[in-house]
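Chains as they are written, first to last, in full-length UniProt numbering: chain Z, 1 to 558; chain E, 1 to 99; chain Y, 1 to 220.
Note that CB positions come from ideal geometry on N, CA and C, so glycine has one too.
Computed from a predicted model, the values in this text were never measured in an experiment.
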Amino acid sequence: MTSGTITDGPALREPHTPDSRLGHGADYLHAEHTLRSWFFTTDHKRIALLYLASITAFFVIGAVTAGLVRLALVVPDGQVFTNDTYNKLFTIHGVVMVWFFLIPSIPATFGNFLIPLMIGARDLAFPKLNLASWYVFMTGALFTLASVVLGGVDTGWTFYTPLSTAFSNTWVVPALIGVTIVGFSSILTGLNFVVTIHTMRAPGMTWFRLPIFVWTHYATSLIFLLATPVITVALILLIAERAFHIGVFDPAYGGDPVLFQHLFWFYSHPAVYIMVLPGMGVISEIVPAFAQKKLFGYKFVAYAAIGLASVTFFVWGHHMFVNGQSDFASVAFSVLSFAVAVPSAVKVYNWTATIHKGSLKLDTPMLYAMGYIGLFVLGGLTGLYLATLAINQHVHATYFVVAHFHYIMVGGTVLAFLGGLHFWWPKITGRMYIEAWGRISAFLIFIGFNVTFFPQFILGYLGMPRRYHVYPPEFQFLNILSSAGSTILAVGYLFPMVYLVYSIWFGKRAPANPWDAKGLEWTVPSPPPAHNFLTEPVAPKVPYDYPLQAQETGRQHS
Amino acid sequence: MFGTSDERRTLWRHMREPVLTAGALLVMLGINVGLGATLPVPHVWIVELLVAAVMVATILWFSMEVRHEPPLVKLFAGIGFFWVGILFTMTLVDYLSRG
Amino acid sequence: MSAGASDSAVGVKLVSHFATVEQQKRAAVLGMWAWLLTELLLFAGLFLTALILRLLHPEAVQEAARHLKFWIGAINTVVLIGSSLTMSGAIQLSRLGWQRGMVRFMLATAALGTLFLLLKGYEYYADYQEHMMPFLSDRPYELKDSPPSRLFVNLYYVATSLHGLHLMTGITILLVMTWQASRPGFLGQHQNRIEIFGLYWHFIDLIWILAFPTLYVLNR
Numbered sequence: 001m002t003s004g005t006i007t008d009g010p011a012l013r014e015p016h017t018p019d020s021r022l023g024h025g026a027d028y029l030h031a032e033h034t035l036r037s038w039f040f041t042t043d044h045k046r047i048a049l050l051y052l053a054s055i056t057a058f059f060v061i062g063a064v065t066a067g068l069v070r071l072a073l074v075v076p077d078g079q080v081f082t083n084d085t086y087n088k089l090f091t092i093h094g095v096v097m098v099w100f101f102l103i104p105s106i107p108a109t110f111g112n113f114l115i116p117l118m119i120g121a122r123d124l125a126f127p128k129l130n131l132a133s134w135y136v137f138m139t140g141a142l143f144t145l146a147s148v149v150l151g152g153v154d155t156g157w158t159f160y161t162p163l164s165t166a167f168s169n170t171w172v173v174p175a176l177i178g179v180t181i182v183g184f185s186s187i188l189t190g191l192n193f194v195v196t197i198h199t200m201r202a203p204g205m206t207w208f209r210l211p212i213f214v215w216t217h218y219a220t221s222l223i224f225l226l227a228t229p230v231i232t233v234a235l236i237l238l239i240a241e242r243a244f245h246i247g248v249f250d251p252a253y254g255g256d257p258v259l260f261q262h263l264f265w266f267y268s269h270p271a272v273y274i275m276v277l278p279g280m281g282v283i284s285e286i287v288p289a290f291a292q293k294k295l296f297g298y299k300f301v302a303y304a305a306i307g308l309a310s311v312t313f314f315v316w317g318h319h320m321f322v323n324g325q326s327d328f329a330s331v332a333f334s335v336l337s338f339a340v341a342v343p344s345a346v347k348v349y350n351w352t353a354t355i356h357k358g359s360l361k362l363d364t365p366m367l368y369a370m371g372y373i374g375l376f377v378l379g380g381l382t383g384l385y386l387a388t389l390a391i392n393q394h395v396h397a398t399y400f401v402v403a404h405f406h407y408i409m410v411g412g413t414v415l416a417f418l419g420g421l422h423f424w425w426p427k428i429t430g431r432m433y434i435e436a437w438g439r440i441s442a443f444l445i446f447i448g449f450n451v452t453f454f455p456q457f458i459l460g461y462l463g464m465p466r467r468y469h470v471y472p473p474e475f476q477f478l479n480i481l482s483s484a485g486s487t488i489l490a491v492g493y494l495f496p497m498v499y500l501v502y503s504i505w506f507g508k509r510a511p512a513n514p515w516d517a518k519g520l521e522w523t524v525p526s527p528p529p530a531h532n533f534l535t536e537p538v539a540p541k542v543p544y545d546y547p548l549q550a551q552e553t554g555r556q557h558s
Numbered sequence: 001m002f003g004t005s006d007e008r009r010t011l012w013r014h015m016r017e018p019v020l021t022a023g024a025l026l027v028m029l030g031i032n033v034g035l036g037a038t039l040p041v042p043h044v045w046i047v048e049l050l051v052a053a054v055m056v057a058t059i060l061w062f063s064m065e066v067r068h069e070p071p072l073v074k075l076f077a078g079i080g081f082f083w084v085g086i087l088f089t090m091t092l093v094d095y096l097s098r099g
Numbered sequence: 001m002s003a004g005a006s007d008s009a010v011g012v013k014l015v016s017h018f019a020t021v022e023q024q025k026r027a028a029v030l031g032m033w034a035w036l037l038t039e040l041l042l043f044a045g046l047f048l049t050a051l052i053l054r055l056l057h058p059e060a061v062q063e064a065a066r067h068l069k070f071w072i073g074a075i076n077t078v079v080l081i082g083s084s085l086t087m088s089g090a091i092q093l094s095r096l097g098w099q100r101g102m103v104r105f106m107l108a109t110a111a112l113g114t115l116f117l118l119l120k121g122y123e124y125y126a127d128y129q130e131h132m133m134p135f136l137s138d139r140p141y142e143l144k145d146s147p148p149s150r151l152f153v154n155l156y157y158v159a160t161s162l163h164g165l166h167l168m169t170g171i172t173i174l175l176v177m178t179w180q181a182s183r184p185g186f187l188g189q190h191q192n193r194i195e196i197f198g199l200y201w202h203f204i205d206l207i208w209i210l211a212f213p214t215l216y217v218l219n220r
């Protein structure tokens with residue numbers, strides 16, 4: 001299965017270049033050793049690792065607050081925390097997970113690391129801007145984190161006015177400023193990707209030879225560029241209203257808070273696809289590699305990415321069905337929302353068709369990918385329930401919604417992130433993790449996730465509202481089940497943090513291509529050299545040129 | 001400032017287009033200011049909006065030299081306005097249909 | 001004096017991660033256009049707010065708009081159109097390699113931008129004098145009988161100050177670049193920076209061309 005030799009031995013602690021690398025120059029991890037060479041690096045691979053470390057830290061913070069929220073919900077009478085503390089906890093969880101983990105997660109780490117390698121470029125188009133985006137991200141994120149932890153914010157991650165501008169007594173303004181700043185880092189990342197994918201492709205690397213990962217990141221970057229500024233201006237208007245009384249939404253003077261929601265969701269609905277599309281890119285790389293089969297319907301998957309990124313801008317009103325928007329608008333947004341299901345389904349069918357009759361290897365990344373496909377289907381279908389006006393009236397702002405978007409964001413994005421992390425870990429670090437532990441934690445996460453969130457569909461359907469910690473006693477059983485599931489999930493998250501870090505020092509050396517995968521990133525040594533390619537990269541004639549291929553003619557059903 | 005007549009001729013050859021563009025923009029601004037100051041007919045805002053749109057197109061096409069750019073840049077220059085259109089249209093679907 | 005015509009070499013120095021200068025120049029142009037996309041969407045949110053306020057409260061918005069300093073706004077538009085012309089001049093001369101003339105055009109551009117900000121500052125001062133600052137708690141608001149008019153006036157301040165912030169950033173970058181560009185050899189290495197910055201400057205002009213009618217003209 002492997003195309004190179006694996007030797008044992010320590011990696012980062014090594015004082016000298018290993019023999020296998022002599023004459024090639026040091027890889028990007030060993031090129032320089034000073035702190036300065038990390039914090040002022042313009043190498044896209046090192047910046048990806050800076051992002052990986054920071055978002056992992058934010059993930060831990062978000063996960064701990066989620067654990068505390070689940071702890072509070074074990075008892076129905078709300079005795080664990082005060083109301084204010086509970087409000088602040090779920091706000092920290094939402095703000096940190098959405099803005100500081102999910103949105104940058106796959107693009108800023110794997111996107112940064114892999115896009116230049118996949119298209120055959122030496123770096124992104126603007127390396128200094130890339131580094132700047134990390135500093136902007138850290139500035140905004142730490143600023144927000146300080147304000148939500150030290151002072152606390154109780155508005156939820158959505159910052160709806162007039163709660164955020166007139167009634168909340170918490171540190172809303174610093175949190176808003178921080179989130180606004182983080183938006184700029186998304187914009188800079190997106191700008192860099194768009195320009196890189198347009199102008200830096202190696203000779204012969206045409207659009208339809210690009211991996212789907214690059215396509216989905218292109219689509220994501222377009223959303224970064226076109227949607228983020230709108231929420232920036234909406235947040236600026238909130239800051240002006242709260243800090244300086246220069247307001248435009250204040251209902252006391254005849255303003256319309258629903259207008260804020262329009263501006264907010266013009267970004268925040270497409271932001272769902274900022275979180276989902278990169279994950280789809282990851283899955284589209286993993287599935288063909290572990291089925292050893294050409295990706296089914298490559299062009300459809302590619303177009304579906306662009307289709308999703310466009311259609312998603314027409315549907316934001318489905319978050320506002322009961323918020324005072326006109327009935328006609330609700331009908332229009334509802335109908336348009338169903339259109340999103342089409343490109344999503346195209347992708348799911350194509351992955352399934354790729355797996356069909358493939359030569360399957362159920363290694364860790366593939367386990368995550370298959371978990372992703374199942375959970376994404378469940379999350380997507382319940383999204384259609386929510387887009388239906390009549391059902392939405394019943395389940396709006398209940399745990400049904402909470403369960404739905406966790407199926408998309410955790411079942412989707414987080415599983416894709418972990419799948420990608422295991423898939424490219426050998427490339428990034430030059431080390432193999434212990435496969436058995438990988439599989440065990442993949443199973444734990446899948447089981448823990450479902451035990452945590454499936455009861456929430458039932459809770460929501462029975463009428464338990466979100467954002468309350470006092471609830472009728474008859475909901476206690478399902479809530480305890482959900483909290484119990486979250487402990488399984490927590491263990492599943494802890495394992496990779498241990499065995500992956502362990503592998504950096506003690507793991508087996510990774511060959512250039514441990515999975516027999518196709519794609520330019522697997523043609524360079526693991527870890528890649530500082531300047532990516534030792535020889536001029538040669539673009540493949542066809543993408544995903546795996547040995548197996550779906551039969552284009554002939555009878556499929558016998 | 002520019003000594004020889006050769007230089008002046010070169011300068012004018014290169015500056016003719018920017019000068020004409022600025023002139024056209026000033027004329028259109030004059031129209032809009034005149035309409036805004038006098039309000040000659042009801043719903044004059046339709047005309048004013050059209051004039052402003054032509055001014056924007058002029059800046060893009062001539063000042064920012066989009067007409068000399070490859071198709072990709074032309075697309076980028078236009079796509080933002082298309083997305084602004086989405087934002088406005090879908091929001092107006094709500095506000096124009098409120099009872 | 002034939003100052004402007006002291007021709008210098010014109011070109012762009014290759015940065016190592018690009019394969020060709022042509023590729024590097026294309027990336028820079030595309031990068032600026034991508035940035036301008038975000039700027040357009042940013043201001044679009046404010047223009048949309050203006051439109052919705054107008055739809056919700058037509059009389060109040062008209063009353064507020066009639067208190068804006070229409071003529072200062074108009075003169076400021078002329079100033080910005082002039083600054084666009086001088087910026088175009090700087091770009092044209094940078095292509096010819098006429099460094100000193102280019103520097104003068106750049107200084108003129110910065111001067112016109114500053115003039116815009118000064119006029120804007122005077123306009124704010126006049127607004128203050130006329131009690132058109134509803135957010136000041138110690139100063140009664142002129143149109144207090146029309147609460148919704150506050151919203152439009154507030155939007156006017158947010159939109160114009162955000163535009164002013166962009167202009168101020170532009171002037172700062174322009175002055176730094178003018179200082180760099182006045183040294184010998186600049187045009188031989190970084191000629192395209194002038195063009196890229198020019199795109200930004202023209203675009204701030206474009207935003208004002210939209211903001212002026214949106215705030216001052218259409219609602220009269």
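**Item:** Contacts that residue 36 (chain E) makes with chain Y (C-beta to C-beta distance below 9 Å)
**Value:** Per Cβ cutoff of 9 Å: 70, 74, 213, 216, 217, 218 and 220.
**Prompt:** Between the region 229-252 of chain Z and chain Y, which residues of the former have CB atoms less than 9 Å from a CB of the latter, in chain order?
**Reply:** Within the region 229-252 of chain Z, the qualifying residues are 229, 230, 231, 232, 233, 234, 236, 237, 240, 241, 244, 245, 246, 247, 248, 249, 250 and 252.
**Message:** Quick check: is the beta carbon of residue 516 (chain Z) nearer than 9 Å to any beta carbon in chain E?
**Reply:** No, no contact with chain E.
**Prompt:** Using DSSP with H/G/I as helix, E/B as strand and the rest coil, what is residue 157 (chain Z)?
**Reply:** It is coil, neither helix nor strand.
**Message:** Quick check on DSSP: helix, strand or coil for residue 586 (chain Z)?
**Reply:** There is simply no residue 586 (chain Z) to check, as chain Z begins at 1 and stops at 558 in what is shown.
**Asked** In three-state terms, what does DSSP make of residue 82 (chain Z)?
**Response** In the structure shown, residue 82 (chain Z) sits in coil (DSSP, three-state: anything other than H, G, I, E or B).
**Prompt:** To which residues does DSSP link residue 398 (chain Z) through a beta bridge?
**Reply:** Z:465, per the DSSP bridge assignment.
**Message:** Under 9 Å, Cβ to Cβ, is there at least one residue of chain E near residue 233 (chain Y)?
**Reply:** Absent from the structure is residue 233 (chain Y), since the part of chain Y shown begins at 1 and ends at 220.
**Prompt:** Does residue 67 (chain Y) get closer than 9 Å to chain E when you measure Cβ to Cβ?
**Reply:** So, not an interface residue.
**Prompt:** What's the C-alpha gap between residue 159 (chain Y) and residue 130 (chain Z)?
**Reply:** In a straight line, the C-alpha of residue 159 (chain Y) is about 29 Å away from that of residue 130 (chain Z).
**Item:** residue 389 (chain Z) beta carbon less than 9 Å from that of residue 331 (chain Z)
**Value:** With contacts defined by Cβ atoms closer than 9 Å, residue 331 (chain Z) and residue 389 (chain Z) form a contacting pair.
**Request:** For the alpha helix (DSSP H) containing residue 59 (chain Z), list its first residue and its last residue.
**Result:** Per DSSP, residue 59 (chain Z) is one residue of the alpha helix (DSSP H) stretching across 44-72.
**residue 327 (chain Z) (DSSP reduced to helix, strand or coil)** = For residue 327 (chain Z), the secondary structure class from DSSP, reduced to helix, strand or coil, is helix.
**Message:** Is residue 6 (chain E) close to chain Z? Criterion is C-beta to C-beta, closer than 9 Å.
**Reply:** Taking Cβ atoms only, chain Z never reaches closer than 9 Å to residue 6 (chain E), which makes this a no.
**Request:** Report the partner residues of residue 42 (chain E) according to the DSSP bridge assignment.
**Result:** Bridge partners of residue 42 (chain E): none, in fact.
**Asked** Looking only at its own chain, which residues have a Cβ that is under 7 Å from the Cβ of residue 446 (chain Z), when we skip the five neighbours before and after it?
**Response** Take residue 446 (chain Z), set aside five residues on each side of it, and the residues of its chain with a beta-carbon closer than 7 Å to its own are 371, in chain order.
**Asked** Can you find a C-beta in chain Y that's less than 9 Å from the C-beta of residue 480 (chain Z)?
**Response** Not closer than 9 Å to any Cβ of chain Y, the Cβ of residue 480 (chain Z) fails to qualify, so no.
**Helix, strand or coil at residue 218 (chain Y) [DSSP, three-state]** = Correct three-state label for residue 218 (chain Y): coil.
**Asked** For residue 314 (chain Z), which option in Z:98, Z:367, Z:387 and Z:464 has the closest C-alpha, if you only look at C-alpha atoms?
**Response** Looking only at Z:98, Z:367, Z:387 and Z:464, the smallest Cα-Cα distance to residue 314 (chain Z) is reached by Z:387.
**Extent of the continuous alpha helix (DSSP H) run through residue 61 (chain E)** = Residue 61 (chain E): not part of any alpha helix (DSSP H); DSSP gives it neither H nor E.
**Message:** Using a 10 Å radius around the Cβ and a threshold of 16 neighbouring Cβ atoms, would you call residue 216 (chain Y) buried or exposed?
**Reply:** Classification of residue 216 (chain Y): buried, given that the 10 Å Cβ count is 16 or more.
**Spatial neighbours of residue 304 (chain Z) in its chain, beta-carbon cut-off 7 Å, leaving aside the 5 residues before and after** = For residue 304 (chain Z), where only same-chain residues beyond five positions count, the Cβ hits under 7 Å are 343, 346 and 347.
**Request:** Measure the alpha-carbon distance for residue 2 (chain Y) versus residue 134 (chain Z) and round it to whole angstroms.
**Result:** Low confidence applies here, because residue 2 (chain Y) scores a pLDDT of 39, under 50, leaving its location unreliable; read the following figure in that light. It is roughly 48 Å from the alpha-carbon of residue 2 (chain Y) to the alpha-carbon of residue 134 (chain Z).
**Prompt:** How long is the line joining the alpha carbons of residue 82 (chain Z) and residue 171 (chain Y), rounded to whole angstroms?
**Reply:** If you take the alpha carbons of residue 82 (chain Z) and residue 171 (chain Y), they lie about 51 Å apart.
**Prompt:** Does residue 47 (chain Z) come within less than 9 Å of chain Y when only Cβ atoms are used?
**Reply:** It does not; no Cβ of chain Y falls within 9 Å.
**Prompt:** Once you ignore the five residues that flank residue 380 (chain Z) on each side, which residues in its own chain have a CB closer than 6 Å to its CB?
**Reply:** Only 344 meet the Cβ criterion.
**Asked** Can you check whether the CB of residue 198 (chain Y) is closer than 9 Å to the CB of residue 91 (chain Y)?
**Response** It is a contact, given that the beta carbons lie within the stated cut-off.
**Asked** Apart from the five residues just before and just after residue 277 (chain Z), which ones in its own chain have a Cβ nearer than 7 Å to its Cβ?
**Response** Counting only Cβ-Cβ distances below 7 Å, and skipping sequence neighbours, we find 216, 219, 220, 305, 308 and 309.
**Message:** Judging by CA-CA distance, which residue of Z:229, Z:467, Z:301 and Z:274 is the nearest neighbour of residue 183 (chain Z)?
**Reply:** Taking only the C-alpha atoms, the option nearest residue 183 (chain Z) is Z:229.
**Asked** Rounded C-beta distance between residue 190 (chain Z) and residue 225 (chain Z)? I'm assuming under 8 Å.
**Response** Here residue 190 (chain Z) really is in contact with residue 225 (chain Z); their C-beta atoms are around 5 Å apart, less than 8 Å.
**Request:** Take the Cβ of residue 84 (chain Z) as the centre, count every other Cβ of all protein chains shown within 10 Å, and call the residue buried at 16 or more, exposed below.
**Result:** The residue in question, residue 84 (chain Z), is exposed, as its Cβ has fewer than 16 Cβ neighbours within 10 Å.
**Prompt:** Candidates Z:515, Z:98, Z:417 and Z:300: which alpha carbon is nearest residue 359 (chain Z)'s?
**Reply:** Per the Cα distances, Z:515.
**Asked** Taking just the CA atoms, how far does residue 443 (chain Z) sit from residue 367 (chain Z)?
**Response** The straight-line gap from Cα to Cα measures roughly 8 Å.
**Prompt:** Quick one: what's got a C-beta closer than 7 Å to residue 412 (chain Z)'s C-beta in the same chain, skipping five residues either side?
**Reply:** For residue 412 (chain Z), where only same-chain residues beyond five positions count, the Cβ hits under 7 Å are 276, 279, 372, 375, 376 and 379.
**Prompt:** Among the residues of its own chain, which have a CB less than 8 Å from the CB of residue 556 (chain Z), if the five just before and after it don't count?
**Reply:** Here the model assigns residue 556 (chain Z) a pLDDT of 47, short of 50, so the residue's position is not dependable, and the following value carries that caveat. Sequence-distant Cβ neighbours of residue 556 (chain Z) in its own chain, meaning closer than 8 Å and more than five residues away, do not exist here.
**Asked** Can a CB atom of chain E be found closer than 9 Å to the CB of residue 209 (chain Y)?
**Response** Chain E contact via Cβ: present.
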